[in-house]
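Enquirer: Got a structure here, written out as structure tokens. Questions coming.
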Amino acid sequence: MTTELSTRGKTLDNLFAIADQFKPQGKVIDVQAFGNGNINDTFLVTLESCAEKRFILQRINTQVFRQPELVIQNMRTFTEHVRSRQQHAANSSDRRWEVPRVLLTPDDQGYCIDAEGSFWRGISFIDTSQSFDTIQDIEHAREVGYALGKFQSLISDLPSARLADTLEGFHITPRYLEHYDQVLAKYDANNKSPEVNYALQFVRDRRAWANILEDAQAQGKLSLRPIHGDPKVNNVMIDTATRQAISIIDLDTVKPGLVHYDIGDCLRSCCNPLGEETEDWETVRFEPDLCQAILQGYLSLAKDFLTENDYEYLYDAIRLIAFELGLRFFTDYLEGNVYFKVKHPEHNLARALVQFKLTESIESQATTICAIIQDMR
Ligand code: GN1
Ligand code: MG
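Take any residue in the sequence shown, count from 1 to its spot, add 55: that is its number in my numbering.
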């Protein structure tokens, strides 16, 4: 079979051969494009007659992750840490919680490089679970918050020095602004659309405030800890039977950072009921009830490790990470879509407008959001 898949001309035959590198217990019978990640290419591999019938095959985007071996190494460090903690804490919780495993290759490296130099890895599939692109109800929101608290508590005692920095500058908003300025300096400013003008003005109006978390860190008010980096709604796996959160997947950006990046990213993703891919950007809204439920779930675990200063910057984190993602999408649009995968040339502009509208909605509800946070301290 030589069916062309949509991703850079890999044939199904190639993909079967690559999947075979991850020492599957059974014969590979199917490989399908899977999920809707913006960076890596993801496939679901199905195996015949064995206990674990599926696994995830991914081509890592090496334009983004320049040292993909370090991404695998971090993932293994994290998985081993959690496994040893779970063994020591046996029976302390009756809730199901799973950590995706790196699948080993015959040389035990956990990745393989194909004839064209593409970098591939295999990851175990979390069975009997599913994820959603938007929050389904209040219970779902609480579970997503719980999952982030659980994740951060599991890595809270992993020394940051054991994790490599796999993506320098990730979530450091002033760095994204610097890059934006460089891109803007080269951008052909003729015939700007009203949407581009809106976005340019949006960034101009907020740039002075965008250092807020980095300044707090520089002043010693906030400190670096291991974080997930990308805890958006569809990275939280929900058990299909119990509806409880049982895992956070996508461990590419597990590295030292501020917990605020995680909280901000989780809330900007979950409290936008229309989802980040909506084309109806003008009606995008931040939903405070979902924010409250997520923070309840999160703080049920995180209250043990958050400091007073951490609480002081929660509102800013929610506002900042929505703004930052809008800035990242907008910059990529201006630069010609070199970072995020797009379905059409204006896609990143549309995504940027969604995040900017969300930021506006957060700003207009600042009092409500701050009161929610205050009530939970
Ligand atoms: C990217 O590829 P994906 O969908 O897991 C991005 C995140 C963004 C997200 C927005 C390494 O994640 O930071 O929040 O898109 N990942 C990277 O959907 O830049
Ligand atoms: Mg990701």
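Idealized CB from N, CA, C, for every residue including glycine.
Would Ser324 be called buried (16 or more neighbouring beta carbons within 10 Å of its own) or exposed?
Expert: For the purposes of this step, residue 324 is taken as residue 269 along the sequence shown, with counting starting at 1. That one is buried.
Enquirer: Taking 6 angstroms as the limit between beta carbons, can you name the residues of its chain near Pro336, skipping five residues before and five after?
Expert: Taking the sequence shown and counting its residues from 1, the one referred to as residue 336 is at position 281. Inspection of the sequence shows that residue 336 is occupied by Trp rather than by Pro. Excluding positions up to five away in sequence, the list reads Leu408, Val409, Lys412.
Enquirer: What residues are listed by DSSP as bridge partners for Phe110?
Expert: Mapped onto the sequence shown, residue 110 falls at position 55. In DSSP, Phe110 forms a bridge with Val100, Ser179.
Enquirer: Can you list, in chain order, the residues of its chain whose CB lies under 7 angstroms from that of Ser215, leaving out five sequence neighbours each side?
Expert: Numbered from its first residue, the sequence shown carries residue 215 at position 160. Excluding residues within five positions, the ones whose Cβ falls inside 7 angstroms are Leu279, Arg280, Pro281, Pro311.
Enquirer: At which residues does the beta strand (DSSP E) containing Gln87 begin and terminate?
Expert: Residue numbering aside, residue 87 sits at position 32 when the sequence shown is read from its first letter. Per DSSP, Gln87 belongs to the beta strand (DSSP E) from 83-88.
Enquirer: Starting from the N-terminal side, write out each stretch of the alpha helix (DSSP H) that is 4 residues or longer and does not extend beyond the region 171-220.
Expert: Counting whole runs of 4 or more residues, the region 171-220 contains the alpha helix (DSSP H) stretches 193-210.
Enquirer: I want to know whether the region 376-395 touches the region 342-353 - three or more CB-CB distances under 8 angstroms.
Expert: In short, these stretches do not touch, since the Cβ pair count stays below three.
Enquirer: DSSP three-state call for Ala300: helix, strand or coil?
Expert: Taking the first residue of the sequence shown as position 1, residue 300 is located at position 245. Note: Ala300 maps to strand in three-state DSSP.
Enquirer: Would you say the beta carbon of Asp220 is closer than 7 angstroms to some non-hydrogen atom of the ligand MG?
Expert: Taking the first residue of the sequence shown as 1, we reach residue 220 at position 165. Incorrect: Asp220 has no Cβ contact closer than 7 angstroms to the ligand MG.
Enquirer: With DSSP run on the structure shown, which of helix, strand or coil describes Val409?
Expert: For the purposes of this step, residue 409 is identified with residue 354 of the sequence shown, where counting begins at 1. Residue state, collapsed to three classes: helix.
Enquirer: Verify whether the separation of the beta carbon atoms of Lys398 and Asn93 is less than 8 angstroms.
Expert: Your numbering for residue 398 matches position 343 in the sequence shown. Your numbering for residue 93 matches position 38 in the sequence shown. No, they are not a contact pair.
Enquirer: What residues are listed by DSSP as bridge partners for Cys167?
Expert: For the purposes of this step, residue 167 is taken as residue 112 along the sequence shown, with counting starting at 1. Paired residues: Trp175.
Enquirer: Alpha carbon to alpha carbon, what distance is there between Val339 and Asn245?
Expert: Translated into positions along the sequence shown, residue 245 becomes position 190. Translated into positions along the sequence shown, residue 339 becomes position 284. Straight-line Cα distance between these residues: approximately 29 angstroms.
Enquirer: I'd like to confirm something about Lys310: is its beta-carbon nearer than 7 angstroms to some heavy atom of the ligand GN1, or not?
Expert: Here residue 310 refers to the residue found at position 255 when the sequence shown is read from its first residue. No, since every heavy atom of the ligand GN1 falls outside the 7 angstroms radius drawn around the Cβ of Lys310.
Enquirer: Between Leu322, Glu269, Thr183, Asp294, which has its C-alpha nearest Gly200's C-alpha?
Expert: Along the sequence shown, read from residue 1 onward, the residue named residue 200 stands at position 145. It is Leu322 whose Cα lies nearest to the Cα of Gly200.
Enquirer: Comparing alpha-carbon positions, which option in Pro79, Tyr388, His402 lies nearest Tyr235?
Expert: As a working mapping, residue 235 is identified with position 180 in the sequence shown. It is Tyr388.
Enquirer: For the region 155-164 against the region 67-85, do three or more pairs of beta-carbon atoms, one drawn from each stretch, fall closer than 8 angstroms, so that the two count as touching?
Expert: The region 155-164 is in contact with the region 67-85.
Enquirer: Is the beta carbon of Ile301 closer than 8 angstroms to that of Glu153?
Expert: Position 98 of the sequence shown, counting from 1, holds the residue named residue 153. Position 246 of the sequence shown, counting from 1, holds the residue named residue 301. In this structure, Ile301 lies closer than 8 angstroms to Glu153 by Cβ.
Enquirer: Restricting to Cα atoms, I'd like to know which of Tyr231, Ala405, Glu250 is closest to Arg262.
Expert: Within the sequence shown, numbered from 1, the residue matching residue 262 stands at position 207. Per the Cα distances, Tyr231.
Enquirer: Using 7 angstroms as the cut-off, classify the Cβ of Asn435 as near or not near the heavy atoms of the ligand GN1, replying yes or no.
Expert: No answer is possible for residue 435: the residues shown for the chain start at 56 and end at 432.
Enquirer: Indicate, with yes or no, if the ligand GN1 has a heavy atom lying under 7 angstroms from the CB of Lys287.
Expert: On the sequence shown, position 232 is the one that residue 287 refers to. Yes, since a heavy atom of the ligand GN1 falls inside the 7 angstroms radius drawn around the Cβ of Lys287.
Enquirer: Looking at the structure shown, is Glu66 part of a helix, part of a strand, or coil, going by DSSP?
Expert: Position 11 of the sequence shown, counted from the first residue, corresponds to residue 66. The sequence given here places Thr at residue 66; Glu does not occur at that position. In the structure shown, Thr66 sits in a strand (DSSP, three-state: E or B).
Enquirer: When the Cβ atoms of the region 106-124 are set against those of the region 175-192, are three or more pairs found closer than 8 angstroms?
Expert: Yes, they touch.
Enquirer: Got a sec: does the ligand GN1 put a non-hydrogen atom nearer than 7 angstroms to the Cβ of Asn95?
Expert: As a position in the sequence shown, residue 95 is number 40, starting the count at 1. At least one heavy atom of the ligand GN1 is nearer than 7 angstroms to the Cβ of Asn95, so yes.
Enquirer: What residue range is occupied by the uninterrupted beta strand (DSSP E) comprising Asp270?
Expert: To locate residue 270, count along the sequence shown from 1; it is residue 215. Where Asp270 is concerned, there is no enclosing beta strand (DSSP E), although the alpha helix (DSSP H) it sits in stretches over 267-273.
Enquirer: Buried or exposed: which applies to Cys425, given that a residue is buried once 16 or more other Cβ atoms fall within 10 Å of its Cβ?
Expert: Numbered from its first residue, the sequence shown carries residue 425 at position 370. Flag for Cys425 reads exposed.
Enquirer: May I ask whether a heavy atom of the ligand GN1 can be found less than 7 angstroms away from the beta carbon of Val409?
Expert: The residue you call residue 409 lines up with position 354 of the sequence shown. Flag unset: Cβ of Val409 not near the ligand GN1.
Enquirer: Is Arg280 helix, strand or coil when you go by DSSP?
Expert: Position 225 of the sequence shown, counted from the first residue, corresponds to residue 280. Arg280 falls in the strand class under three-state DSSP.
Enquirer: Let me check you understand the geometry: is the CB of Gly330 closer than 7 angstroms to at least one non-hydrogen atom of the ligand MG?
Expert: Start at 1 with the first residue of the sequence shown, and residue 330 comes out as number 275. Every heavy atom of the ligand MG is 7 angstroms or more from the Cβ of Gly330, so no.
Enquirer: Within 7 angstroms: the Cβ of Asp320 and any heavy atom of the ligand NAP?
Expert: The model on display carries the ligand GN1 and the ligand MG but not the ligand NAP.
Enquirer: Measure the Cβ-Cβ separation of Asn403 and Leu277 and say whether it is below 8 angstroms.
Expert: Along the sequence shown, read from residue 1 onward, the residue named residue 403 stands at position 348. Along the sequence shown, read from residue 1 onward, the residue named residue 277 stands at position 222. No.
Enquirer: Around the C-beta of Val86, are 16 or more other C-beta atoms found within 10 angstroms, so that it is buried, or is it exposed?
Expert: Your numbering for residue 86 matches position 31 in the sequence shown. Label assigned to Val86: buried.
Enquirer: So, helix, strand or coil for Ala254, using DSSP?
Expert: By one-based count along the sequence shown, residue 254 stands at place 199. Of the three classes helix, strand and coil, the one that applies to Ala254 here is helix, per DSSP.
Enquirer: DSSP three-state call for Pro286: helix, strand or coil?
Expert: Residue numbering aside, residue 286 sits at position 231 when the sequence shown is read from its first letter. Three-state DSSP puts Pro286 in coil, outside helix and strand.
Enquirer: Compute the Euclidean distance between the alpha carbons of Ile428 and Ile373, then round it to the nearest angstrom.
Expert: Residue 428 sits at position 373 when you count from the first residue of the sequence shown. Residue 373 sits at position 318 when you count from the first residue of the sequence shown. Going from the Cα of Ile428 to the Cα of Ile373 covers about 11 angstroms.
Enquirer: Residue ranges of each alpha helix (DSSP H) run of no fewer than 4 residues wholly in the region 313-349, ordered along the chain?
Expert: Counting only runs of 4 or more, we get 314-325.
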